[in-house]
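Take a look at the structure below.
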Amino acid sequence: MNGYSGTILRVNLTTGAVTRQATDMKDAALYIGARGLADKLYIDEVDPKVDPLSPDNKLVFAPGPFTGTFAPSGGRYHVVTKGPLTDVIAGANSGGSWGPELHYAGYDALIIEGKADEPVYLWIKDDVVEIRKASHLWGKWVPDTTDLVRAETDVEAKVACIGPAGEKQVLFAAIMNEMHRAAGRGGVGAVMGSKNLKAIAVVGTKAISVARPKEFKDAVLVGRKGIKEHPVGGAGLKAYGTDVLVNILNEIGSFPVHNFQDGYSPTADKVGGETLAANQLVRAKGCFSCVISCGRVSKVKNPKYAGEGEGPEYEAAWSMGPDCGIDNLDAVTHSNHLCNEMGMDPISFGSTLACAMELFEAGLITLKETEGVDLSFGNVDAMVEMTRKTGLREGIGNKLALGSYRLANSYGHPELSMTVKKQEIPAYDPRGIQGIGLEYATCNRGGCHVKGYTIAVEVLGCGAKLDPHATLDKPYWVKLFQDLTAAIDASGGCIFGTFGMGGDNYSAMLSALTGVTYTTEDYLKAGERIWNLEKMFNIGAGMTSKDDQLPLRMTTLPIKTGPSKGELSHVPEMLPEYYKLRGWDEKGVPTQERLHELQLA
Amino acid sequence: MPKVLMIHPDRCTGCQNCELACSFSHENQFRPTATRIHVYSWEREGFSVPMMCQQCDSASCVKVCPTGALHRAKGTTLVEYSREKCIGCRMCTIACPFGNAVYDSVTESILKCDTCDGDPACVQFCPSQALEFVDDNISTRSRKRELAGKFKSAFEGA
C-alpha cells in the first residue's frame, strides 16, 4: 500500500450515504492515481452522454501517490467530471495543501454523486465524514467561505470550495482551495454547484508510507537538483512567476491580442512578469512540497483596484489584458483577485470578454444589452465590471457566463469564439507556434496548453530547441508531452517539475515510493493509457475528428504584425500524422489493436 | 561552535517541505502528526512562518519534567529527550509557551526538534533558505547587516 492510502470514499448527496471501497491496486498500477485513477473510476461509472449539470453526473477528487510526500512540487489533486463548458471529459488539478490533506485523511479518491436538496458542505476528519448544512454559506465568496468553514470545523482544516460563480453555474467556474489555488478549467466548479455542494473541509493525520525510503529520498534529491539547476525551474519562475512569458511570447510574435485578431503587442511589457515583480508582487509562494515557488502573492495599492490576493498567471494577465486590448496591470491583477474570490477561470472569462468586445465593435452586442457599458477593446473599467457581472451572472454577465462559444453562437457568429471543444484556447498563438496548436486541437479537455506543453521545446528550449514555425516532428512532440503530462498528473506532480526533471526522474521516484517498478517507458505508457481512456469517453460523448480543429481564424487569418507576421496554423496538415502515431484510424478513433496493447480492451 | 536553527519568515514560501523532511527523517514515512516543525500560513496576506523548538537556555520543558527525560547536556545548545525516561505525563507540552513540544499518541512519545543530531533535514529540504543551521553568534548577522545598510544609505543621502 506504499504511496496509497488504500481506500476510496464515496458520498451520495441525494441519499446522504457515505460508503468506502478498497483501492483496486491493479488499477492503481495501471492508472497510477490522481488524474488516471479518477478517470478510471469516473469513466467506469458514468454514461458519457450524461448532462454535466444533472444529478447523474459525478465528481471525483483524487490525490496521486506523490501527493503528501516530498516528491518535488508533487502535492496536487485532480478533479474529474464531464465539463459543462465542453461536454467532454474535464480534468482540472490544483496545488496547495488540500490534496495532501485528503491523502493523509486516508483516501486515494473521493467520489461525489447525486445532488443535495439544499446547500451542504462536507467535513472529513480521517474516518469521520459528515454532510453538514451550508445554507448560511451560500452566496459567500471564496475567502469568507474558507474562514467560516474553518471556524465551524477546525482552524487548520484545508478547504476546497466554490464561490458565487460555482453556485450560479458559470460554465467555467473553478473549485478553489486555500483561497487562491484553483482546479480551474472546464467548469468543474459549476458541477459542484449543481450538486449544492459548497465546500469540502479536510483534516488528515495518517501516514503515507514509502516502499524503499532511501531510494526514494535519493531520487527526490536528484530531481530537486535538476530543478534547482534549471534556468526556468530554478530561478525564472520564482523571480517573475509564469507571467514572465509575456515578453518571451511577444518577442516571437505569438502573443494573441484583440481576440486573436493579431499576434503581437507593442505594449505587452506593461502586463509582464517583470512589471508585476516591480509593482504588485509582495512575495513568491509555493504550493505544498514545491521547490519552484511560481505563486505570486500580490497587492494592488491603486485605490481604484486595491486589494490583496494571488496572481495573475501568464494566461490570466494575457486574457484579461492584451487579449481585451488592455495593458493596465493593476486592473488585471484586481480582476484576477476577483476571479479567485468568486471562483472562476480567468482564461475562459477573459477570452469570452474579448469575444464579446469583438461582437460589440461589430455592432452585434448593443449598448442596451450592456446597460450602457462601452465594451470596446481597451476599456479597462468595463473589463473589471464584467468580471464581477460574470461571476454573479448579472446583466450581460449572464451571457458571458456561458463561455465564448455559446455567446458568439447566440449572435450567429460561432467563428468569433476562440475555442476548441467550446473551451477557450490560451495565450500562445497557434499561428506562430505550430505544435501548441496541435495540442489545443487534440487535447481531451478542449482548448488547453498544460496537457501537452510543447512551449517547453518550441519556445523555451528545454531539452530541445525546435523552430516554432515548423511542423516537422511536431506530432511526435505533442504526443510525447501529452503522454508524459498525463503520467505526471496521475502521480500528483506539477507540470512545472519538468523544468528540470524528465520521465527518468518521475519513474524512479514513483517506483521507489510505490514499490511497483516503472521504467520510463512504462511511465509514458501509463500516460498514453490515460490519454486513450479519456479519448474513448469523448468519443462516447459524441466527439469526432471534426472537433479536433482550431477556430477558423487560426487557419485563415494570418498574424498581421510582429515577428510572426503572415503565419497561419497548419493543424490540418499535422493531424493525420498525429493520429497515426497514436495508433488511431484516420477518423481519430483508437484502433482495437492499440487499445488492446494499452490494456484498455 | 554551537549552532542554532534560524527561521527567516520573510523567505518562507509556505511549501511545507520542512515538515515533510522532518517526518521522513524521523519515521521514513510522511505523517503530518510526526513532524517537529510546523508551518503556519495566513492565506489572505500570503504570509507563512515555520515554528519549531528553539532549544531555550532556560527551558520550561526541562524545568517541569519530573524524570529528567527532557534535559540539556552540559556545554551544548540542545534540549535532549530520552524516550526511556519519559513517563508520558505531558507536563512539558503544557509548560512550553510556544507549543513546540507535542505529545504523539502514535509513537507514545514527546515530539520536539532534535536538530537531527546536528544535520537538520528541514534545513536541507528548505528550497528558499528560510531555515538555516548556523553558528549561534552569527545567527542574526544578516539582519544586522541589512539594518546597517539602512544607516549607510541614510548617511550617503545626507
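Protein chains in written order, with my numbering: chain A, 1 to 601; chain B, 1001 to 1158. Glycine included, each C-beta is placed from N, C-alpha and C at the ideal position. Since we're looking at a predicted model, the values are computed, not measured.
Terminal residues of the continuous alpha helix (DSSP H) containing glycine 437 of chain A? Bounds of the alpha helix (DSSP H) holding glycine 437 of chain A are 434–442.
For chain E, find out if any of its Cβ atoms is closer than 8 angstroms to the Cβ of proline 143 of chain A; answer yes or no. You won't find chain E in this structure, because its protein chains are A and B.
Short CB-CB distance (under 8 angstroms) between leucine 1020 of chain B and chain A: Yes, leucine 1020 of chain B lies at the interface with chain A (some Cβ there is under 8 angstroms from its Cβ).
CB contact below 8 angstroms: lysine 206 of chain A versus chain B: Output row for lysine 206 of chain A: interface = yes.
For the region 1108–1131 of chain B, which residues have a CB atom closer than 8 angstroms to at least one CB atom of chain A, in sequence order? From the region 1108–1131 of chain B, only Phe1125, Pro1127, Ser1128 have a Cβ closer than 8 angstroms to chain A.
Residues that methionine 176 of chain A bridges to, as DSSP identifies them: A/Cys161, A/Ala182
Any beta-carbon of chain B closer than 8 angstroms to the one on valine 155 of chain A? Chain B, which has no Cβ nearer than 8 angstroms to the Cβ of valine 155 of chain A, makes this no.
Can you name the residues that DSSP bridges to serine 1041 of chain B? Bridge partners of serine 1041 of chain B: B/Ser1048.
Residues of chain A with CB under 9 angstroms from phenylalanine 1133 of chain B, in chain order? Going along chain A, no residue has its Cβ under 9 angstroms from phenylalanine 1133 of chain B, so there is no contact; the nearest lies around 18 angstroms.
Does the structure place the region 346–363 of chain A close enough to the region 300–318 of chain A that three or more beta carbon pairs sit under 8 angstroms? yes
With methionine 1006 of chain B as the anchor, note down where its beta strand (DSSP E) starts and where it stops. 1003–1007
Measuring CB to CB, does valine 80 of chain A end up less than 8 angstroms from valine 60 of chain A? yes
Simplified DSSP state of glutamine 1055 of chain B, which is helix, strand or coil: coil
Candidates B/Arg1011, B/Thr1013, B/Gln1016, B/Cys1053: closest to aspartate 1114 of chain B by CA position: Nearest of B/Arg1011, B/Thr1013, B/Gln1016, B/Cys1053 to aspartate 1114 of chain B, Cα basis: B/Cys1053.
Buried/exposed call for leucine 1020 of chain B, threshold 16 Cβ in 10 Å: By the neighbour-count rule (16 or more Cβ atoms within 10 Å), leucine 1020 of chain B is buried.
Which word fits arginine 185 of chain A, buried or exposed, when buried means at least 16 other C-beta atoms lie within 10 angstroms of its C-beta? When all chains shown are included, arginine 185 of chain A counts as buried.
Cβ pair alanine 199 of chain A, valine 149 of chain A closer than 8 angstroms: yes
Taking only beta-carbon atoms, is proline 1032 of chain B less than 8 angstroms away from chain A? yes
In whole angstroms, what separates the C-alpha of lysine 479 of chain A from that of glutamate 439 of chain A? 8 angstroms
Chain A contact for glutamate 1146 of chain B (CB, 8 angstroms cutoff): no
For proline 213 of chain A and chain B, any beta-carbon pair shorter than 8 angstroms? Yes, contact with chain B.
Just the chain B side, please: which residues come within less than 9 angstroms of threonine 333 of chain A by C-beta, in chain order? In chain order: nothing, as chain B lies at least about 13 angstroms away.
Rounding to the nearest angstrom, what Cα-Cα distance links alanine 173 of chain A and valine 257 of chain A in this structure? 24 angstroms
Between cysteine 324 of chain A and chain B, is any beta-carbon pair separated by less than 8 angstroms? No, cysteine 324 of chain A does not count as interfacial toward chain B.
Quick check on proline 143 of chain A: does DSSP put it in helix, strand or coil? helix
Taking only three categories from DSSP, how would you classify threonine 419 of chain A? strand
Residue range of the unbroken beta strand (DSSP E) whose run includes glutamate 1132 of chain B: 1131–1135
List the DSSP bridge partners of glycine 492 of chain A. Beta-bridge pairing links glycine 492 of chain A to no other residue.
Whether or not the region 365–383 of chain A and the region 427–437 of chain A are in contact is what I'm after, with contact meaning three or more pairs of Cβ atoms, one per stretch, closer than 8 angstroms; do they touch? no
In angstroms, rounded to a whole number, what distance separates the CA positions of aspartate 154 of chain A and alanine 134 of chain A? 16 angstroms
What first and last residue would you give for the alpha helix (DSSP H) that runs through aspartate 27 of chain A? 25–31
Short check: CB of tyrosine 240 of chain A to CB of glycine 253 of chain A, under 8 angstroms? no
Taking a contact to mean a Cβ-Cβ separation below 8 angstroms, would you say serine 404 of chain A touches cysteine 355 of chain A in this structure? In contact: serine 404 of chain A and cysteine 355 of chain A (Cβ atoms closer than 8 angstroms).
For the region 451–460 of chain A against the region 558–570 of chain A, do three or more pairs of beta-carbon atoms, one drawn from each stretch, fall closer than 8 angstroms, so that the two count as touching? no
Residues of the region 167–178 of chain A in Cβ contact with chain B at a cutoff of 7 angstroms, in chain order, please. Contact residues of the region 167–178 of chain A toward chain B are Glu178 (C-beta to C-beta distance below 7 angstroms).
Taking the C-alpha atoms as reference points, what is the distance between alanine 90 of chain A and glutamine 169 of chain A? 15 angstroms
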